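Encoded as structure tokens, the structure appears first; notes follow it.
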Amino acid sequence: MEPPCRFFASVNAAENKPFYFLQAVYEGMIAGGAAGVIAEAVLYPIDTIKTRLQVAHGGGKIILEGLYSGLAGNLTGVLPASAIFVGVYEPTKQKLLKSLPENLSALAQLTAGVIGGAASSLVRVPTEVVKQRMQTGQFASAPDAVRLIVSKEGFKGLYAGYGSFLLRDLPFDAIQFCIYEQMLMGYKLLAKRDLKDAEIAIVGAFAGAITGAMTTPLDVVKTRLMVQGSANQYKGIFDCARTIAKEEGTRALLKGVGPRVLWIGVGGAIFFGVLEKTKQILAQRCPEPKM
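Position 199 of the sequence shown, counting from 1, maps to 198 under numbering that gives the first Met the number 0, and the rest follow consecutively.
Next comes the structure, spelled out in structure tokens:
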């Protein structure tokens, strides 16, 4: 029989189970970091192709070389960013679930996703800027990218497109985790048992794919703003969206939707699968503190 703490601080936890805030933070950070790094490493080439598709103007040719460009530097940022997100999301969600009526569980998950995304954005945005500049061939290494971006654009250059990143990622994080949690709860109620690893991965894939498709226009705008450098071709989020639609047609706002849905769908399967498995392992190895 599986231990009752199998999915500590997750939707699968028993309703009457005591909640330990610090343990939720600790386990969430470890599980989030592991899930983020593994998912990013496996799917990085697809992300690179998606970025190059979004940056290409008109019928620009997509280069299929150097698909792992910037991976090492990106993982350096993905690890703490994913750890921070889940480390904030899990305890926030649990606190809200205990405070809100049961029929408002989706609100708790959406709110926790926004708060977790905002906290992790301080690390995720510079990581994303450096990654995408390297993916488009602007720099050869992450240290060079950071040094040259700061020297040419100032420290704020590392936060290029920060507003568009938040506009995309805060709703993305909130929607993806909410869809995942709600689907997981519904599936578990129908199955009347704890779900298998493969089933959790499938739910994660659906949640990722749906959310990825919904937020593609925001992702295109974010990418264009982040890679423009000191050229300042676009004045802001709305100017960027308007310019793209005017010069390239509204369909350009869906550039890279195929690779994005594939990347985030498969990434969702890997991320949530690793996340829940790591929580399970930690819960078994770290007994709950005594009251």
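Even for Gly, the Cβ is constructed at its ideal location relative to N, Cα and C.
Predicted model, so just to flag it, every value in this text is computed and none were measured.
Presumed contact (8 Å Cβ cut-off) between residue i and residue j, rounded CB distance
i, j, result
"P216", "K49", "Between K49 and P216 the Cβ distance is about 13 Å, and since that is not below 8 Å, they are no contact."
"G267", "A190", "20 Å between Cβ atoms; not a contact."
"M28", "A82", "4 Å"
"P44", "L78", "Incorrect: roughly 19 Å between the Cβ atoms, too far for contact."
Reference residue i, options the options, closest by Cα
i, options, result
"G116", "L96, L99, K92 and Y88", "Y88"
"K319", "Q137, G228 and V219", "No information on residue 319 is available, as it lies outside the stretch 0 to 290 that the chain covers here."
"G162", "L188, R123 and Y67", "R123"
"K221", "E39, A197, A212 and L252", "L252"
"T214", "R51, G72, V260 and I148", "V260"
"T47", "Q283, K130 and K187", "K130"
"E363", "A240, Y186 and G211", "Since the first residue shown for the chain is 0 and the last is 290, residue 363 is missing from the structure and cannot be characterised."
"M225", "L95, G112 and F164", "F164"
"F271", "L103, D172 and A118", "D172"
"A141", "N231, W262, Y233 and S68", "S68"
Residue i versus residue j - alpha carbon distance
i, j, result
"P125", "L157", "5 Å"
"Q223", "Q53", "Before going on, a small fix: residue 223 reads as Arg here, not Gln. Computed Cα separation, rounded: 7 Å."
"A23", "G203", "21 Å"
"M182", "A80", "25 Å"
"L281", "V36", "17 Å"
"M290", "Q279", "Model confidence at M290 stands at a pLDDT of 46, short of 50, so the residue's coordinates are unreliable; what they give is reported in the following sentence. C-alpha separation (whole angstroms): 21 Å."
"E14", "K195", "Confidence is the limiting factor: at E14 the pLDDT is only 45, short of 50, which leaves the residue's position unreliable and the question unanswerable from this model."
"S150", "A244", "32 Å"
"L63", "G264", "21 Å"
"P90", "D168", "20 Å"
"A33", "I269", "11 Å"
"S98", "Y179", "21 Å"
"L21", "D143", "38 Å"
"Q137", "R284", "45 Å"
"A159", "P100", "40 Å"
"G112", "G31", "13 Å"
"V85", "L109", "13 Å"
"L274", "D238", "38 Å"
"A71", "G235", "30 Å"
"N73", "A139", "13 Å"
"I148", "F154", "8 Å"
"T249", "A208", "21 Å"
### Task
Please list the segments of the alpha helix (DSSP H) lying wholly inside the region 182-269, counting only runs of 4 or more residues, in order along the chain.
Within the region 182-269, the alpha helix (DSSP H) runs of at least 4 residues that lie entirely inside it are, in chain order, 196-213, 215-226 and 236-247.
### Complete runs of the alpha helix (DSSP H) confined to the region 128-184 [at least 4 residues]
Entirely contained in the region 128-184, the alpha helix (DSSP H) runs reaching 4 residues are, in chain order, 141-152.
### Whole alpha helix (DSSP H) elements within the region 38-116, 4-residue minimum
Counting only runs of 4 or more, we get 70-98.
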